[in-house]
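Down below is the structure, laid out as structure tokens.
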Amino acid sequence: MDSLYEAGEFVRTVQRAQGLPISVPEEVAFENGWIERDQLLEVANRYGKSPYGLRLRDVAERRIISRPKD
Numbered sequence: 045m046d047s048l049y050e051a052g053e054f055v056r057t058v059q060r061a062q063g064l065p066i067s068v069p070e071e072v073a074f075e076n077g078w079i080e081r082d083q084l085l086e087v088a089n090r091y092g093k094s095p096y097g098l099r100l101r102d103v104a105e106r107r108i109i110s111r112p113k114d
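The letter at position 24 of the sequence shown is residue 68 when you use this note's numbering, and the numbering goes up by one with no holes.
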């Protein structure tokens with residue numbers, strides 16, 4: 045249990061320091077073409093105005109680009 049707690053603390057520390065999430069599964073799915081923009085926005089709406097929901101909206105609107113397109 046200690047190592048799980050430590051891993052969580054590590055992720056939290058890195059995210060706070062960088063101001064970026066470590067992993068956003070919906071963002072990965074969208075960037076890889078596994079889900080469409082409308083699907084991403086639908087998920088974003090479930091999170092409302094939380095930072096996570098706002099990030100998903102920004103990704104859907106291409107205000108955030110995780111990786112350059114080929």
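Glycine included, each C-beta is placed from N, C-alpha and C at the ideal position.
Quick caveat: nothing in here was measured; it's all calculated off a predicted structure.
Nearest-angstrom beta carbon gap, residue j and residue i [assumed within contact, 8 Å]
i: Leu85; j: Ala104; result: 5 Å
Exposed unless 16 or more other CB atoms sit within 10 angstroms - verdict on residue i
i: Val87; result: buried
i: Glu71; result: buried
i: Arg99; result: buried
Cβ of residue i within 8 Å of any chain B Cβ
i: Leu64; result: Although the question refers to chain B, the structure presented lacks it and comprises just one protein chain.
Report the start-end ranges of each alpha helix (DSSP H) in the region 53-110 that is 4 residues or longer and not cut off at the edges. 69-75, 81-90, 95-104
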